[in-house]
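Notes follow the structure.
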Amino acid sequence: MSEKAQSRALAISEIVTSILHHMDTRTLLAAQRISRTWNDLIRNTQSLQEALFLRPISNGRDLSTRVDNPLLAEAFLSLFRSKNGGNNAKGQSICLTDLAWQNDPATRVMFVRPEASWRRMLTHQPPLYRVGVFYSSCTAFFWEWSQAKADIPDDGLRMAPLFEYLIDRNPDDWAYGMSIEMFFLSSSSTGLLASEKPKNWREDRGAGWTWKELMGQFDLVLQVIMSTDCMAEMDYQEEKEEREKEAKEKGMELPDTDVDVSERIRECYRELGVRMEGFQMEEYNKGSGAW
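If you count by our numbering, then the sequence shown holds residues 4 to 294, one letter each, in order.
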């Protein structure tokens, strides 16, 4: 095909749309920068917006066809799949040090900026519409728990509020025994997880509900576990000093912890003046007791 014929073909929107439909998500995202015409075409074509995880699939609520957003799964590794390569389905704790983009200051700024495309992306297609949070906290003598549900827009869960809910908390929590785990009800890569139970949950302590029932209410459950005691801060400081000493003896840099990453990302938000969205949460059940 001659260059002139190629130009004529690429001037026909139906042909360009057909070509764009064969692109993977990353290539399609980059194609928006080729020209204003292509950008307008991609922005105004429902099926291409669906392919970019920017609009929900039309009439698509079939859990058996749900897939992870591949770009988000790469950028936010432990939020989507476990360290052994599978999906983060069975509640592996979220690890902030897996966020490769947070290491480089320039890349970190690119991610945090308000216009970054990941913010508007749906986490899955079809989207997640129901998000619940199970919070538990225990010490050597006392425990308490609560359940809450997030206010999710009608067009589904997008990445910005999910990530910012996770990161917008006291950095000390990451140091002193906090664990956040994610349980998906069903997707093409996770399978049905209604039978999975959270760790550290004492079902015989009178909460009045079962994990299976909780999973049946939501597409995604975030389990936030705080397990601390009066020695937690002292233990953390001692462990930190030991790690610093060992790294110095070996002539190595001290590896980052989730605390370091949390503080680094939060500082970047502050410097750019970006407000964290997070979720509007409605608590609807809670309890407490002594061991």
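We put the CB at the ideal spot given by N, CA and C, even for glycine.
Between the segment 261–271 and the segment 134–144 there are fewer than three C-beta pairs closer than 8 angstroms, too few to call the two in contact. Looking at the DSSP output, Tyr138 shares a beta bridge with Ser149, Val227. For Pro129, the closest alpha carbon among the candidates Val112, Glu184, Arg161 is that of Arg161. Collapsing the DSSP output to three states places Gly292 in a strand. Straight across, the Cα-Cα distance linking Lys152 with Ser96 is about 20 angstroms.
Cβ-Cβ distances below 6 angstroms link Leu223 to Leu131, Val134, Phe187 in the same chain, with the five nearest sequence neighbours on each side left out; the list follows chain order. Residue burial is scored here from C-beta neighbours: Asp43 has fewer than 16 other C-beta atoms within 10 angstroms and is therefore classed as exposed. Leaving aside the five residues that flank Met124 on each side, the residues in its chain whose CB is nearer than 8 angstroms to its CB run, in chain order, Leu55, Phe56, Leu57, Asn72, Leu74, Leu75, Arg161, Met162. Taken through DSSP and simplified to helix, strand or coil, Val70 comes out as strand. Rounded to whole angstroms, the gap between the alpha carbons of Ile18 and Trp41 is 12 angstroms.
Around the CB of Thr68, fewer than 16 other CB atoms lie within 10 Å, so the residue is classed as exposed. Closest by C-alpha distance to Glu77, out of Val115, Pro59, Trp121, Gln35, is Trp121. Leu102 carries a coil assignment under DSSP once its states are collapsed to helix, strand and coil. Per the C-alpha coordinates, the member of Ile37, Thr126, Ser81 positioned closest to Val70 is Thr126.
Nearest to Met279 by alpha-carbon distance, out of Arg116, Phe79, Tyr287, is Arg116. Nearest in C-alpha terms to Asn173, of all of Phe144, Met229, Cys141, Tyr287, is Met229. Around the C-beta of Met181, 16 or more other C-beta atoms lie within 10 Å, and the residue is accordingly described as buried.
It is roughly 11 angstroms from the alpha-carbon of Ala34 to the alpha-carbon of Leu51. Boundaries of the beta strand (DSSP E) harbouring Ser182: 181–187, taken from the DSSP string. Sequence-distant Cβ neighbours of Ser149 in its own chain, meaning closer than 6 angstroms and more than five residues away, are Tyr138, Glu286, Lys289. In terms of Cβ geometry, Phe83 and Ala293 do not form a close pair [threshold 8 angstroms]. Ser81 is not a Cβ neighbour of Asp107, given a cutoff of 8 angstroms. Linking Gln283 to Cys271 through their CA atoms gives a straight-line distance of about 23 angstroms. Judged by their CB atoms, Ile60 and Glu53 are nearer to each other than the 8 angstroms cut-off.
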